[in-house]
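Q: Please find one structure pasted underneath; my questions will follow.
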Amino acid sequence: MVAVGRNVRRKEGIAKVTGAARYVDDLSFPGMLHGTTIRSTIPCGEIAGIRRDFGANAAGLVVADWRDIPGQNAVALIENDQPFLAERVVRHAAEPILLLAHEDRETLAAAAAGIAIDYRTEEPVFDPAASPKIFKRIVIEKGDIRRGRKNADLVVEGEYRCGLQEQLYIETNGVIAVPENGGITVYGSLQCPYYVHRALVVLLGLPPEKVRVVQAETGGGFGGKEEYPSMVAGHAAILAWKAKRPVKIVYDRVEDMLATTKRHPARIRHRTGVTRDGLLTAIEIDVLMDGGAYCTLSPVVLSRGVLHATGPYRCHHVRIEGRVTMTNTPPNGAFRGFGAPQTQFAAEAHMERIAEELGMDPVAFREKNALRAGDTTATGQRLGRDASALRVLREAVRRSDFRRKRKAWRGTRRGIGLALFFHGSGFTGSGEVKLASKASLELTETGARIRVASTEIGQGTRTMLAQIVADALGIPYDRIEVSDADTGCVPDSGPTVASRTCMVVGRILETCAREMRAKLRGVSPREYLRRHGPLVVTREYERPAGVSWDEETYRGTAYGAYGWGCDVAEVELDPVTYAVRPLRLTAVQDIGRAIHPVLAAGQIEGGTAQGIGYALLEEVVMRDGRMANAQMTNYIVPTTLDTPPFDVTIVECPYSGGPHGAKGVGEMPIDGPAPAIINAIRHLGVDVREIPATPERIFETQVEGRSRAGRP
Amino acid sequence: MRFRLNGRTVEVVAPPMKRLLDVLREECGLTGTKEGCGEGECGACTILVDGEPVNSCLIPFAQARGARITTIEGLRGTHPLQDAFVSEGGAQCGICTPGMILAAVALASSPSREEMREGLAGNLCRCTGYEGIYRAIRKSTAVRRKAAARSPRARSSVTGPPVSVKRQRAKRSPPKSRRG
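Chains as they are written, first to last, in the working numbering: chain A, 8 to 719; chain B, 710 to 889.
Shown next, in the form of structure tokens:
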């Protein structure tokens, strides 16, 4: 029986519901120490001196600073500008300075309290617009913007703002570093084993084969375990290297929220020309993101941000400029959506305002301008037949009874709004070609074993990849095993990010399986192994035909495929507290093909819930460059009581380059809820242009709006 | 100290003020109970004490004396909720799952959507948006009903180990306020 398209039994399902699944904090090694990180308390300055008074806690204590690093003191990523441990300069609060380890956690905590650091403070920069350092600037140009402006009857301008957002995986960051065989093995909660591997090779100055990274069962990532685990693993490795004993570092919630990466805050300005009958003639967008103190992944976050900044709309004349700059706050980084939720929030809030200015129906306005097959995007990419913006829009409008509610609710406390969006699957531009991901398939006695570095972090990687392999190989799903994501035995299939695992890695595995099937020629695996010995098929990413990208000019195929989505939000405003309560969320999303419908729906539901948090609840309060509400008590993510019923519909417009037509699914769901909700709030007559739209912000908007209106 | 753990009487030595969560994970070796926040907000460490769901990160070990404690291991993989959490997408990353399942065990027998929302409000899940969890609970209710109809005597074997569950009890920690 075919496996793809069916809700087969999840590979690690039973382990997760019985408590048998082993997360990093569930692991222990003989002689293991616990490690902790001493961090800066100022946002900007220099270390003047470190006083240590460990007293009775000194016995058995291991202390390490940057001088204990055997290799290079830089987290290898894009710029290599971030040290594992500050040497002299401090560029953000909670920057790691010292490391301590001890067998006993209480002694460790007492010893940590015996450290005092003196600083020479300097004036920090918190405003990204006033930053002296630009990490990356990107310009996208299409057509002739002046001509576009000339053709416009009306120009609509607006500025939109998005705050920081914390991933808030329920399992905090953690690793164990074990010195063995003259090298180091790290077990950790992480998304990208080979990112950590590379960082450790550089940090320790070891040959690659002496470093092994093994993913433990991972309690959520959402991008938050894309780059930061390299830092935690580095710290544990420095301590383990010095102590010659295993060292475990598991953050508590406060440390995780204070120190680790968050979604980039953004300010986005739109200036749009439109004809009286609603045709877009010119789109000008300026994107500014706050990168925090070090570069980390900011250039690529900005890239995805600007590439999605127009939203799924066609226009002949476009100019987009984006910048991401340095500030003295902890570095911002990957979070599901990766720049696109920010820019598409702005785009869709702005489109709603244009429709309003024109006195046009919001659906009709979007229908007129939505990208269709054969249209070109801002980078000049011509869209294929799977461009389904109109289809998802019409389906969402129909399912939610949008038009009737829109009319009936006018003037009540209820509002309804929609957002149309798209999301590129896989790495941007030539990213996949540069990554050159590999995947392997090994023949076993009863079937095959998948060897990839793609991690299971809740989304169902093992299950979905096994389904694809089972069908390509013609062997039942139950006979496909999946190896641990262990750099000691899996090839580098790239990071588990960017909605790429199914579409890109799944496709490579499908190719491996077809090749294996051809080699088997109908012989059973057992028989083949007996006759010919072991069989491992390894294949590398192949660029699909017709894909080209120019990094210099930002022209060409930005993404191999796009998912398309439309969300409709129904909300209610409390006139006393100004709290907005979501009543229902309709999500219609084209993901090409749902390999496992329950898992795919789970991605849409979960991403939608995070999007609701982004829109209404999740506010990171920064004070002196430090998160002031670094606790679950006052950083509020949606609970059961904050989450409305979801009506999820999966649309399948297949992409020829994906396995069984699959496109990405993980990130897109978080692009839609915020603009849909903001547009529903606009339907209530509230002009809020910043998220999260907390009661305070809505109250201010209302009061200011009224006082503005009341002015003579 | 003596107490009942997953249906067996056990004698455990640990400091009386040590968090029950740590005693279960370390002294008892039951790592199925997870820590998410250490402040009683996320519910990942939910266990049943005398049938009532509590956050084990908030109680000192001293309070375990004489209590009947059930952790996820105590459901022995046979509770219909466990199977339903797998098939309906109630578990994704799995870190909230043990606590979520135990909180769900303590719900009314055929909970309405509102009862599920109220009863699970102290358990955060960042992956599912809760829909998969509601589906799982509904499915397990249906499975239990069917099993009960088929053979009343087989009932105890499908409802799991002899855990005394007080129905329709809210969690001890109050539901989250919207703007804490």
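Think of the CB as a built atom: it goes at the ideal place given N, C-alpha and C, for glycine as much as any other residue.
How would you write the range of the beta strand (DSSP E) that Lys445 (chain A) sits in, first residue to last?
A: Note, Lys445 (chain A): beta strand (DSSP E), 445 to 450.
Q: Between the alpha carbons of Thr453 (chain A) and Thr593 (chain A), how many angstroms are there, rounded?
A: Using only the alpha carbons, I get a separation of about 43 Å.
Q: Quick check on Glu102 (chain A): does DSSP put it in helix, strand or coil?
A: Glu102 (chain A): coil per DSSP, three-state reduction.
Q: Listing by chain order, which chain B residues have their CB less than 9 Å from the CB of Lys23 (chain A)?
A: Phe794, Val795, Ala800, Gln801, Cys802, Gly803, Ile804, Thr806, Pro807, listed in chain order.
Q: In the DSSP assignment, what residue or residues form a beta bridge with Asp493 (chain A)?
A: The partner list for Asp493 (chain A) (beta bridge, DSSP) reads A:Val221.
Q: Of the residues A:Asp125, A:Ile76, A:Pro135, which one's Cα is nearest the Cα of Leu106 (chain A)?
A: Looking at the Cα atoms, A:Ile76 is the closest of the given residues.
Q: Can you list, in chain order, the residues of its chain with a C-beta nearer than 7 Å to that of Ala354 (chain A)? Leave out the 5 residues immediately preceding and following it.
A: Correct list, in chain order: Ala316, Thr317, Gly318.
Q: Can you grab the Cα-Cα spacing for the pair Gly181 (chain A) / Arg360 (chain A), in whole Å?
A: The alpha-carbon atoms of Gly181 (chain A) and Arg360 (chain A) are separated by roughly 45 Å.
Q: In chain order, what residues of the same chain lie with their CB nearer than 8 Å to the CB of Ala812 (chain B), ignoring the 5 residues before and after it?
A: Around Ala812 (chain B): Gly752, Thr755, Pro762, Gly828, Leu829, Gly831, Asn832, Lys880.
Q: Residues in the same chain with beta-carbon distance under 8 Å from Arg822 (chain B), minus the five sequence neighbours each way, listed in chain order, please.
A: Same-chain partners within the cutoff: Tyr843.
Q: Do Glu625 (chain A) and Gln3 (chain A) count as a contact pair if the criterion is CB distance below 9 Å?
A: With chain A represented from 8 up to 719, any question about residue 3 (chain A) goes unanswered, as that position is not in the structure.
Q: Under 9 Å between C-beta atoms, does Ile768 (chain B) make it to chain A?
A: No, because no Cβ of chain A sits closer than 9 Å to the Cβ of Ile768 (chain B).
Q: Quick check on the burial criterion: 16 or more other C-beta atoms within 10 angstroms. Buried or exposed for Gly20 (chain A)?
A: So Gly20 (chain A) ends up on the buried side.
Q: Spell out whether any CB of chain B is found under 9 Å from the CB atom of Gln172 (chain A).
A: For Gln172 (chain A), the answer is no, since every Cβ of chain B falls outside 9 Å of its Cβ.
Q: Anything in chain B within Cβ reach of Asp33 (chain A), meaning under 7 Å, just list it in chain order.
A: Residues of chain B passing the Cβ test: Thr740.
Q: Return the first residue and the last residue of the beta strand (DSSP E) that Asp597 (chain A) is part of.
A: Its beta strand (DSSP E) spans residues 587 to 597.
Q: How about Tyr301 (chain A) and Arg98 (chain A): are their beta carbons less than 9 Å apart?
A: Yes, these two residues count as a Cβ contact at 9 Å.
Q: Taking the alpha carbon of Val512 (chain A) as the point to measure from, which residue in A:Arg600, A:Ile475, A:Phe133 has its own alpha carbon closest?
A: Nearest of A:Arg600, A:Ile475, A:Phe133 to Val512 (chain A), Cα basis: A:Ile475.
Q: Scan the region 184 to 235 of chain A and note each continuous alpha helix (DSSP H) run of 4 residues or more that stays entirely inside, going in chain order.
A: Runs of the alpha helix (DSSP H) inside the region 184 to 235 of chain A: 200 to 211.
Q: Taking C-alpha atoms, which residue in A:Met264, A:Val672, A:Tyr585 lies nearest to Gly599 (chain A)?
A: Out of A:Met264, A:Val672, A:Tyr585, A:Val672 has the C-alpha closest to the C-alpha of Gly599 (chain A).
Q: Answer with buried or exposed for His41 (chain A), where buried requires no fewer than 16 other C-beta atoms within 10 angstroms of its C-beta.
A: With 16 or more other Cβ atoms within 10 Å, it is buried.
Q: So which residues of chain A does Gly786 (chain B) contact, with C-beta pairs closer than 7 Å?
A: By Cβ distance, chain A contributes Ile21, Thr25.
Q: With 9 Å set as the bound, which would you pick, yes or no: does the beta-carbon of Asp297 (chain A) sit closer than that to a beta-carbon of chain B?
A: Asp297 (chain A) does not count as touching chain B.
Q: Pull up the distance between the alpha-carbon of Arg17 (chain A) and that of Gly467 (chain A), whole angstroms please.
A: Looking at the two C-alpha atoms, the distance is approximately 7 Å.
Q: Could you give the residue range of the alpha helix (DSSP H) that holds Leu40 (chain A)?
A: Taken as a continuous stretch (DSSP letters only), Leu40 (chain A) belongs to no alpha helix (DSSP H), being part of the beta strand (DSSP E) at 40 to 46.
Q: Nearest to Phe91 (chain A) by alpha carbon, out of A:Thr43, A:Gly418, A:Leu378, A:Val239?
A: Looking at the Cα atoms, A:Val239 is the closest of the given residues.
Q: Could you tell me the distance, in whole angstroms, from the CA atom of Ala371 (chain A) to the CA atom of Ala159 (chain A)?
A: Whole-angstrom Cα-Cα distance: 19 Å.
Q: Could you check how far apart the C-beta atoms of Met523 (chain A) and Val544 (chain A) are, in whole angstroms? I think they sit under 8 Å.
A: Contact flag correct, Cβ pair sits at about 5 Å.
Q: Rounded to whole angstroms, what is the Cα-Cα separation between Arg820 (chain B) and Ala93 (chain A)?
A: First, the amino acid is wrong: residue 820 (chain B) is Pro here, not Arg. Roughly 54 Å between the two C-alpha positions.
Q: Is it the case that the Cβ atoms of Val24 (chain A) and Gln791 (chain B) are separated by a distance below 9 Å?
A: Closer than 9 Å, so yes.
Q: Pairing CB atoms from the region 324 to 344 of chain A with CB atoms from the region 141 to 152 of chain A, are three or more of them under 8 Å?
A: In short, these stretches touch, since the Cβ pair count reaches three.
Q: Would you decide whether Arg717 (chain B) is buried or exposed? Buried here means 16 or more other CB atoms lie within 10 Å of its CB.
A: By the neighbour-count rule (16 or more Cβ atoms within 10 Å), Arg717 (chain B) is not buried but exposed.
Q: How would you list, in chain order, the residues of chain B whose beta-carbon sits under 7 Å from the beta-carbon of Gly227 (chain A)?
A: Result: Cys802, Ile804, Arg835, Cys836.
Q: How many Å lie between Glu488 (chain A) and His603 (chain A) at the Cα?
A: Taking the straight line joining both Cα atoms gives about 17 Å.
Q: Whose CA, out of A:Thr701, A:Phe352, A:Arg46, lies closest to the CA of Ala586 (chain A)?
A: Minimum Cα distance to Ala586 (chain A) is reached at A:Thr701.
Q: Restricting to runs no shorter than 4 residues, where is the alpha helix (DSSP H) found entirely within the region 384 to 441 of chain A?
A: Counting whole runs of 4 or more residues, the region 384 to 441 of chain A contains the alpha helix (DSSP H) stretches 396 to 407, 409 to 415.
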